[in-house]
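J.: Got a structure here, written out as structure tokens. Questions coming.
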Amino acid sequence: MNYKKLAEKLLPDAPSISGFEEKYPPRNLAKGAEVTRLAPSPTGFIHLGNLFVAIANERIAHQSDGVLFLRIEDTDLKRKVEGAVESVKNSLRYFGIKFDEGAEIDGNNTYAPWYQRQRADIYRAYVKDLIARGRAYPCFCTEDELCALREQQTTEKKITGYYGGYAKCRNLSEEEIYRNIEAGKPYVIRLKSMGNPEHKIKFHDEIKGDITVTENDQDVVILKSDGIPTYHFAHAIDDHFMRTTLVIRGEEWLASLPIHLELFSVLDFELPRYGHNCSLMKQDGETRRKLSKRKDPELSLDFYRKEGYYSRAVKVYMLTLLNSNFEEWYLKNPEKPLEEFKFSVNKMGKSGALFDLDKLNDIAKNELAKLSAEEMLAFLEEWTNEYGTDAQKTYFTNKEYLLNVLNLSMGTTSKKRRKDFTTAKQAVELISYFFETPQRSDEYRTDAETRKQILSAFLVSYRFEDDAQTWFAKVKETAGALGFAAEMKDYKQNPEHYKGNVADVAEVLRIAVTGKANTPDLWSIMQILGDTETRKRIERAIKE
RNA sequence: GGCCCGUUGGUCAAGAGGUUAAGACAUCACCCUUUCACGGUGGUAUCGUGGGUUCGAUUCCCGCACGGGUCACCA
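Just remember that the numbering used here sits 732 ahead of the position in the first sequence, which is counted from 1.
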């Protein structure tokens, strides 16, 4: 078989491979600097799992004074979604992932282009070379034939795929090949695998440690019938010529590592180091499973923006899952920039972690409790402008009033901060009673008759000018007069002597004024609302 | 099913051949309290299973079970 002639016939316009090594030379970086990448396919939104891997790659690159680049794997034109690249970039920017090079960032860089569709020449050159060397061949099998083969293998309990004796186009005669080409039959180019699955290879994974890999024997497709490479081939070419040093990717890729190993070997490229990151899991009924784009739209990064999660909180949570010693470090250094944490690949977990919303929420509360009222206002306003209701947008017209509300709600003036806010969405809803009259509340735990007594009695003695002490003394007085314990201690000693205690009375007042059982200091709230509004609300509550 | 990866409380997990088996979230109790929170103290709760190796194993080895991933002209 004249392989050179065949290569020329199949890919007449493909360039020679000479020159590419010079065109994309090894990077001139300091020792220890890592080149990492993010290589999403533009098939829609990006989710938490992507961010998870992204943060790891970002930390590794920038911590070592290396490079992080963005490559777009757009080889599958069927699944392409318009605007996906912009969306990916925006989402990642929101979470502080900055690329040094890549698509939409650095089009004229030495290692560009960053869209795989624009790199066709390189792929085709190497495919042609492989054919010329007899290490790749055209395959004319149709989809139906492959399907039938798979069925046959399944019923025979054989391993499915195109390999060994099942790879029938591998043994086509020269004559048959040319006849097929002349007949205009569509074809793909397959790798002629030399592997043997009996052979086990020891492989060092940067995250998983030493693992066993089975040698590949599948004649995988490297060039699709439309002339575009498959992921596997593009990965080998691109990560070689973009001079990636460390590939951190999801563990779903572990299964195709044997293919990549053989590809790098047959292309005579130096292998990058690999780290296969465990996937983020989700509880799904009885079982848990990998987060999936299709099944878990609520875990899209946009979801967190819509809910108004503070980006740093999400990042902190990701880091605690990513590096087991991060949480302890952060506890000791709550004020330090996240970048000062020394991220290490070998501290990354080996088993998939279940996504825990409670934990995220706890982190979110703590993060928001670090903000000043001004910062909080800016954060809430940004969210509201994009996702809030028209009514909520009006909260921001009187900034001075809002600042008072926020200072009180966050407890910025007291020594202990409140931690009521979890997300922007929830926070804006939480402070709504400062701007809108609360609806009839179902949070009451006291019967209507007693409520009326409490509220009416309170209204009689209430004076807006009273200071906090005086005000509360009156609350106690009211409580006592109606058979409630004015002092907590008295109540605890003899609970049976009372209808309840001050806390119950205060709760009724609180709900009447705010519609909520959980709010900051009531007196302060009344001060912010003003005399008229406070009375109006209590009177309304009495009539309920 | 083949191949690969994994298995410490409800969750995230540290850990090491001999420990009272860290810590965080959640949960419960109590304390503080001028109400709501914040905060503080303490409690409940974990080494999948069977064999080895060893004076001793949760830690090392083997089997099993269970969970996960993957087997495309998708990435």
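Every residue, glycine too, gets a C-beta built ideally from N, C-alpha and C.
On a predicted model such as this, the values are computed, not experimentally measured, just so you know.
Is it buried or exposed, Arg1177, if we count other Cβ atoms within 10 angstroms and call 16 or more buried?
T.: Arg1177 is exposed by the Cβ-count criterion.
J.: From which residue to which residue does the beta strand (DSSP E) around Val945 run?
T.: From DSSP, the beta strand (DSSP E) with Val945 extends over Gly941 to Thr946.
J.: Am I right that Val1234 and Ala1218 are in contact with their C-beta atoms under 8 angstroms? What's the rounded C-beta distance?
T.: With a Cβ gap of about 6 angstroms, Val1234 and Ala1218 count as contacting.
J.: Going by the CB atoms, is the gap between Asp832 and Val799 shorter than 7 angstroms?
T.: Against a cut-off of 7 angstroms, the Cβ pair of Asp832 and Val799 comes out as a contact.
J.: Decide if Ser823 is buried, meaning its Cβ has at least 16 other Cβ atoms within 10 Å, or exposed.
T.: Buried: at least 16 other Cβ atoms inside 10 Å.
J.: Can you tell me where the alpha helix (DSSP H) with Asp1090 in it begins and where it stops?
T.: Run containing Asp1090: Leu1089 to Leu1100, per the alpha helix (DSSP H) assignment.
J.: Would you kindly check if the distance between the Cβ of Lys1082 and the Cβ of Lys940 is under 7 angstroms?
T.: Yes, the pair counts as a contact, with Cβ atoms nearer than the cut-off.
J.: Let me know the beta strand (DSSP E) ranges lying completely inside the region 748-798, each 3 residues or longer, listed in chain order.
T.: Here the runs fully enclosed are 767-770.
J.: For Ser1032, which of helix, strand or coil comes out of DSSP?
T.: Strand.
J.: Taking the straight line between their C-alpha atoms, what separation do you get for Leu1089 and Tyr1119?
T.: Near 21 angstroms, if we compare the C-alpha coordinates of Tyr1119 and Leu1089.
J.: In terms of residue numbering, what span does the alpha helix (DSSP H) encompassing Arg981 cover?
T.: Segment Leu978 to Gly982 is the beta strand (DSSP E) holding Arg981; no alpha helix (DSSP H) there.
J.: For Pro870, write down the residues that DSSP places opposite it in a beta bridge.
T.: BP columns for Pro870 point to Ile921.
J.: Quick one: Cα of Trp985 to Cα of Lys737, how far?
T.: About 35 angstroms.
J.: Assuming Arg1267 is part of the alpha helix (DSSP H), what are its boundary residues?
T.: Start and end: Asp1263 to Lys1275.
J.: So does the region 1105-1121 actually touch the region 1165-1183, counting three or more Cβ pairs closer than 8 angstroms?
T.: Touching, no, given that fewer than three Cβ pairs across the two stretches are closer than 8 angstroms.
J.: Report the start-end ranges of each alpha helix (DSSP H) in the region 997-1079 that is 4 residues or longer and not cut off at the edges.
T.: Qualifying alpha helix (DSSP H) stretches, in chain order: 1033-1039, 1043-1054 and 1058-1064.
J.: Note down, in chain order, each residue of its chain lying with its Cβ closer than 8 angstroms to the Cβ of Ala1180, except the 5 sequence neighbours on either side.
T.: Within the same chain, Ala1180 has close Cβ partners Glu1276.
J.: Does the distance from the C-beta atom of Asn1139 to that of Ala1105 stay below 7 angstroms?
T.: Cβ distance < 7 angstroms, so Asn1139 and Ala1105 count as in contact.
J.: If you reduce the DSSP assignment to three classes, tell me which class Asp937 lands in.
T.: The answer is strand: DSSP assigns Asp937 an E or B state.
J.: Among all the DSSP beta bridges, which residues are the ones paired with Asn822?
T.: Per DSSP, none; premise fails for Asn822.
J.: Excluding sequence positions up to five away, which residues of its chain have a Cβ less than 8 angstroms from the Cβ of Asn734?
T.: Closer than 8 angstroms at the Cβ level, and outside the excluded window around Asn734, lie Glu906.
J.: Am I right that Ile1305 and Ile913 are in contact with their C-beta atoms under 8 angstroms? What's the rounded C-beta distance?
T.: Outside the shown range of the chain (733 to 1276) lies residue 1305, about which nothing can therefore be said.
J.: Indicate whether Asn1098 and Lys1079 have their beta-carbon atoms separated by less than 7 angstroms.
T.: No, they are not a contact pair.
J.: Just how far apart, CA to CA, sit Ser750 and Ile854?
T.: Rounded to the nearest angstrom, the two C-alpha atoms are 10 angstroms apart.
J.: What residue range does the beta strand (DSSP E) around Ile954 cover?
T.: Run containing Ile954: Val953 to Leu955, per the beta strand (DSSP E) assignment.
J.: Along the alpha helix (DSSP H) that carries Gly1212, what are the first and last residues, could you check?
T.: Residues Ala1200 to Ala1213.
J.: Measuring CA to CA, which of Asp808, Ala966 and Val817 is closest to Tyr858?
T.: Among Asp808, Ala966 and Val817, the Cα nearest to that of Tyr858 is on Ala966.
J.: Out of Gln1185, Lys1184, Gln1124 and Pro1004, which has the shortest C-alpha to C-alpha gap to Ala1156?
T.: The shortest Cα separation from Ala1156 among Gln1185, Lys1184, Gln1124 and Pro1004 belongs to Gln1124.
J.: Alpha carbons only, please: which of Thr977, Asp951 and Ala746 is nearest the one belonging to Ala762?
T.: With distances taken between Cα atoms, Ala762 lies closest to Thr977.
J.: Measuring only the C-alpha atoms, how far is Pro744 from Gly834?
T.: Answer to the nearest angstrom: the Cα atoms are 30 angstroms apart.
J.: Are the CB atoms of Val1077 and Glu938 within a distance shorter than 7 angstroms?
T.: Yes, the Cβ-Cβ distance between Glu938 and Val1077 is below 7 angstroms.
J.: Would DSSP call Phe1111 helix, strand or coil?
T.: Note: Phe1111 maps to helix in three-state DSSP.
J.: Would you call Glu883 buried or exposed, if buried means 16 or more other Cβ atoms sit within 10 Å of its Cβ?
T.: Counting Cβ neighbours within 10 Å, Glu883 comes out exposed, since fewer than 16 surround it.
J.: Would you report the Cα separation of Thr887 and Glu805, rounded to the nearest angstrom?
T.: One C-alpha to the other measures close to 35 angstroms.
J.: Just the C-alpha distance for Lys934 and Arg981, rounded to the nearest angstrom, thanks.
T.: Each residue's Cα considered, the two are about 19 angstroms apart.
J.: Rounded to whole angstroms, what is the Cα-Cα separation between Asn1055 and Tyr1049?
T.: Looking at the two C-alpha atoms, the distance is approximately 10 angstroms.
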